[in-house]
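In this text, residue positions in the sequence shown follow this note's numbering: the first is 13, and each later residue adds one. Even for Gly, the Cβ is constructed at its ideal location relative to N, Cα and C.
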Amino acid sequence: MERKWTNEQQLAIDHDKSNILVSAAAGSGKTAVLVERIIKKITRKENAVDIDSLLVMTFTNAAAMEMKERIAAAISKEIDKNPLDTRLQKQLIRLNKADITTMHSFCNRLIKKYFHLLDIDPSFRIGDENECKLIRREAVLEVIEDRYDEENMRESFLLLAEGYTKNKSDVELEEIVLSLYNDAMAMSFPERDLNRLLEKLDITDKSFEETIFCKIAMEEIIEGLREYREGYKEVLESLYDYGYNDKVYDIIKSESEFIEELLAEKKGFFQLRNDVYNFEFLRMPTVKGVDEEGKAILSGLRDGFKKYIKSISEKYFYFSTEEEISEEMTFLHTVSKGIIELVIDFKKVYEDKKKKRGILDYNDLEHYGLDILVDYSEEGEVIPSNVALELREKYSEVLIDEYQDTNEVQETIIKMIGRVDVPNIFMVGDVKQSIYRFRNTNPQFFLQKYYDYSEDTNERDVKILLYKNFRSRKEVLTGINFLFKRIMSKELGDVDYTDVEALNPGASFNGEGEPIDLVLLDYKNIIAESDDEDKKELEIEAKYICNRIENIVSGKEQLYIDDASVPDGRRIPTYKDIVILLRATAGHGDILKDALMEREIPVFLDSSKGCFDSFEINIMMSLLEIIDNPLNDIPLIGVLRSPIGSFDEEELIKIRGEKAKGGFYNCLKKYSKEENFLGNKAKIFLEKLKMYREKSIKMTLVDFLWYLYLDTNFYSFVATLSNGDIRQENLMLLLQKGREFENTSYKGLFNFINFINKIKISKGDFGSAITIGENENVVRIMSIHKSKGLEFPIVFMPHLNKKFNMMDLRENILFHPRLGFGPKYISGEERVAHDTLVRSVIKDSIETEVKSEEMRILYVALTRAKEKLILISANKDIDNLIKKGKEALKSSDIRLPSYIVKKCSSYLQWIIISLMAHRDGNILRERIEGDLNFPSPIEDESKWNIEIIDSYNDDDSDIEEENSLTVVEKLKGEEIGDKYTGIDNILNFRYKYKDVTNISPYITVSEIKRKYLEGNIKIDSNGVLTKGNYIEEIVAPKFLRDEKSLTRSQIGTAHHTVMEHLPLKMDSSVETVKELVDILVNKNILTEDEGKVINCSKISDFLRSDLCKDMVENEDTLLREFPIQLRISPSEVYDVEDDDDKLVLNGIVDAFYEKDNELIIVDYKSDYYVEKKEMVEKYQVQLKLYKKALEKITGKKVRECILYLFYKSEYVKIY
């Protein structure tokens, strides 16, 4: 069925011969419109264009690929209708070479074609980002070191080095240069633009009042005065009603007249400064019988105005004469000039280093691309180059997706290739979703066109608005509209959120929708695990979320979502319908993930952090560090304590204690000479380490890493831990980083360690491995940024009370791309630093931009929800938080005054001040004492369910805080006597479950099997274990065992590896199996020793078996090496009392497949046996546990478990 477009969408698809800006709100189908426009242009009967005459720029490579696939499908569909249409066939052929690409890919091709116009090697490669970070670090150190040379010493550099660094280190200076360089590279012409910004600080030929900083300061001062003028006007009208007398009235009137006088005539900056400086507040007389609410209002107004006067005096009027501000501006100019000189020198050194290595970074792609496209007129004006003019002729239209996320360089490139005679630039985006400020994107380019372009389609520049949302229910959209009509404006958010911007429902749903939930959890009386308030809030929110999710998926909440695949069109949600969105997952996502896992709720954390913080990567990096330099004590002890070394704390203490002199490596060497078990253990470890050091020199990095994985058995070991598959993938990611490193200009183990450490320092963690598909039935936890473009039926958004990150405002030198530099002023020999007027103006501008982006991030988060939106916040004092929002009740307008919105420092505060006046906000208003002076609630169609839960706690956290005073009180209450029974009971208390603290929370199926064979546990037909006696056997890790040949267990593991990679449809001959084994050896999947012990004839027998044929017939459902986890009670395995906690049973099922909606488990065994019943007895416990786990995981019945026995090439069915 052909899609029906709205009138606005159709206009965006069809309109031509204009520059077109499509402002498309969330869920409005903007990408679909863009694709349809392209398809129409190349398939229409008249004035059709070729696909390679269009330039389509997308934000990501994935988006470009998806767009090509959509276009290919549409062309193929048209060809099916007209098989003889040769023109359409040509379009399909040309599609692969069409310019549907990212900006970087476009520039890359441009440079490769026109490299002769640039001074670069045509065989350049794109440098790895981490390699480029290392080169930048080298370059900045070189530049700063050079400046310390007496011949190159400059006054500006001395000011920087002495005033903006500390602890005799240049680290701060290095970061200033690198940060400013990053900002400068978002400019079209960095050197020119930086010097233009410097001119803003030059007052040689003008007065201070002519500077942009003075003008902005004056605007802010006047805006504040206007706000207080209204406040004083309202209070004066009610003073007598409050019970105040004439004397008070005269004082308030004089203050009001002072404000009017400041605003009445256009005063100069210094005159305004003198008037403010000379004004004195009179003391308020005591008046009895005054209304308490009126007293609070008047007191609040005057205190606020006094603070405001003090604030502007400290920010702007801290000097006495105009000469003082001139002196300060001169200082700032000198410092800023020094910074620019350093950055320009750094840029040149960095470029030289890249040229020597034959690499470009992503900034180079844009700037070299721009260099090819621009030329200069005689007057020095930027004009299109001949190449740009050629491209103008080539491209009939330039289409840009996600236009709100362009930077200045990209904007200039677009201008150079866009036609002037017949406008041909088509831009689509949504400024309310511009959330990449950290990448130096600039929404102002979008905004300028948004306000300049006309909705009249006869104009040269046309604006088309798409605000019909096809994603979410009306209840979600009306709630979002109400919230952003209240808080989003040009002043904060960059756009007035009016009915024009509001989201209009365009999708149809079954049944009634749900209101948006706002849940406030008061925890002032709760003891949480963490002392950190930020984490404590999230811990409490996590417990609430777990309860809520359990109720939703169990049907208790009676929440239903639309699903066309079920008979009545609605169903109970599953885990995969739920997402939890966080502002940032780092440091917070794990708290939620752990809470959900503890409640056995399947969860996936989509985090950019994880790999470097993981146990397996830390251990492996520590091993590499000591191979490079064994004198590093911390990584050495880490490896010794790990499963690789297998030394316990007592052994390490003994080694250190008896051989205390020198580093730990020297102590280890000395102790290795001892003739005892521990000495021999140390000796074996050192011999291994020596061998690793020798191999690290001879082998490639990747081969060496893989060798370490196998030789230490660490790769196999991590598979036995929780999330073993992810841990193995993390190790493979480290291996991949090794491959990337080998392609850089750096070599050697030391440089690789440095390479990884630089990534860690720069927060460039490559994330934990993703081993989950989009259809997995799990709750997802992800950042708001990663959720952009996605949609979910149910969205939880916790952690609303987290404060906005304003750390950048504390930097010694601020930078703004429009206003320039804002260093602190360093005065006197004591080098005392203080803020300046210039810095204050820049700081305020940055703060406004940061909060504007935070508002847009909130918009992106809320618009991900299709059916249900649940907002959650835990707070220590909810009443106090609500009282802060009382000011919002003064405004009768739907939009709150921007100064109220700007004061907020969290999402929660924005939500509360918005809902305070809503008809559903009565529960908030009830928490405020006194007369609210509130006319009436806003009757908006949105529905909000606001719930405040006082002293929220979870059943699992019913804890009383017991400090030392509590213990003393108990002692006082006991009878001293009777053999001190009371005191003895308290002081000799024994934790009931102490034995459990010595047990690992993880156990493997193999351990269970061994205990079963030893008679220490039993298992019934349902897979339930009962305990017996158990003596733990300590097994040394592989590299500490002096083994000359493979054990039976290792031979079995090798056969399992072959079976994991065995194509079941392959030729069953022994020769073919041998070829497969050789391939696995060559790929380092098997070692040479393992390859030699593979019995190829037995695997050949398996390929000819009926079991294999049955597996082939059901291959579409076959899964191999499937990891399982099952929670069991510790008392089922160990001699302990605790049944409240759970052990995690880990195992890997060799293979299973589905047949007639039931499962069949296959387990491979290579053991020697006489009769099959021996194998049944030996492995029945293992298969019962597999059966129990798979039935719980899949919800499907296991029909049978099959043991395939290689020894006699036969199989036996169990259960």
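Note on geometry: alpha-carbon atoms of Phe136 and Ile228 lie some 46 Å from one another. Around the Cβ of Ser948, a 10 Å sphere holds fewer than 16 other Cβ atoms; the residue is exposed.
Approximately 14 Å separates the beta-carbon atoms of Ile476 and Glu48; this is outside 8 Å, ruling out the contact.
Counted as a single uninterrupted DSSP element, the beta strand (DSSP E) harbouring Trp956 occupies residues 956-961. With fewer than 16 neighbouring CB atoms inside 10 Å of its own CB, Gly301 falls in the exposed class.
Straight-line spacing of the CA atoms in Asp364 and Asp131 works out to 11 Å.
Here Ile447 carries a coil assignment [DSSP, helix/strand/coil]. Counting along the chain, no beta strand (DSSP E) covers Lys568, and no H or E run does either. Secondary structure note for Asn522: it is in no beta strand (DSSP E), with a DSSP letter that is neither H nor E.
Rounded to the nearest whole angstrom, the CA to CA distance from Asp26 to Lys52 is 8 Å. The Cβ atoms of Leu550 and Ser926 do not sit closer than 8 Å to each other. Under the criterion of beta carbons closer than 8 Å, Leu1074 and Tyr1216 do not qualify as touching, at roughly 12 Å. Taking a 10 Å sphere around the C-beta of Gln921, we find 16 or more other C-beta atoms and assign the residue as buried. Taking every protein chain shown into account, the CB of Arg204 has fewer than 16 other CB atoms within 10 angstroms, so this residue is exposed. Secondary structure at Pro95: coil, using DSSP grouped into helix, strand and coil. Following the DSSP letters along the chain, one finds Pro202 inside the alpha helix (DSSP H) bounded by residues 202-211. If the five residues before and after Ser626 are omitted, its C-beta is found closer than 6 Å to the C-beta atoms of Asn742, all from its own chain and listed in chain order. Put simply, the backbone Cα of Gln1194 is about 49 Å away from that of Lys888. Of the candidates Ile825, Val1224, Tyr1223, Leu1155, the residue whose Cα lies closest to the Cα of Ile188 is Ile825. In this chain, the alpha helix (DSSP H) harbouring Ser852 covers 849-874.
The three-state reading of DSSP puts Ala85 in helix, counting H, G and I together.
By the 16-neighbour rule on beta-carbons within 10 angstroms, Asn692 is exposed. Its chain contains Val288 as the residues whose beta carbon lies nearer than 7 Å to that of Ile321, once the 5 sequence neighbours on both sides are disregarded; these appear in chain order. Within the same chain, and ignoring the five residues on either side of Met439 in sequence, the residues whose Cβ sits closer than 6 Å to its Cβ are Leu33, Ile412, Tyr415. Separation of Tyr704 and Leu1157 (C-alpha to C-alpha, rounded to the nearest whole angstrom) is 34 Å. For Asp847 against Glu232, the beta-carbon gap comes to about 15 Å, at or over 8 Å, which does not count as contact.
Shown here, Leu550 sits in a helix according to DSSP, grouped into three states.
Unbroken beta strand (DSSP E) stretches of 3 residues or longer found wholly inside the region 881-930: none. Val1174 sits in a strand when the DSSP states are folded into three classes. Following the DSSP letters along the chain, one finds Phe808 inside the beta strand (DSSP E) bounded by residues 804-809. Three or more beta-carbon pairs drawn from the region 466-481 and the region 512-524 are found closer than 8 Å, and the two stretches are therefore classed as touching. A distance below 7 Å between beta-carbons, with the five flanking residues on each side excluded, links Pro647 to the following residues of its chain, in chain order: Ser634, Glu637, Ile638. By the neighbour-count criterion, in which a residue is buried when 16 or more other Cβ atoms sit within 10 angstroms of its Cβ, Ile395 is exposed. When secondary structure is reduced to three states using DSSP, Leu130 falls in the coil class, being assigned neither helix nor strand. Counted as a single uninterrupted DSSP element, the beta strand (DSSP E) harbouring Leu67 occupies residues 66-70. With a threshold of 16 other beta carbon atoms within 10 Å, Met809 meets it and is buried.
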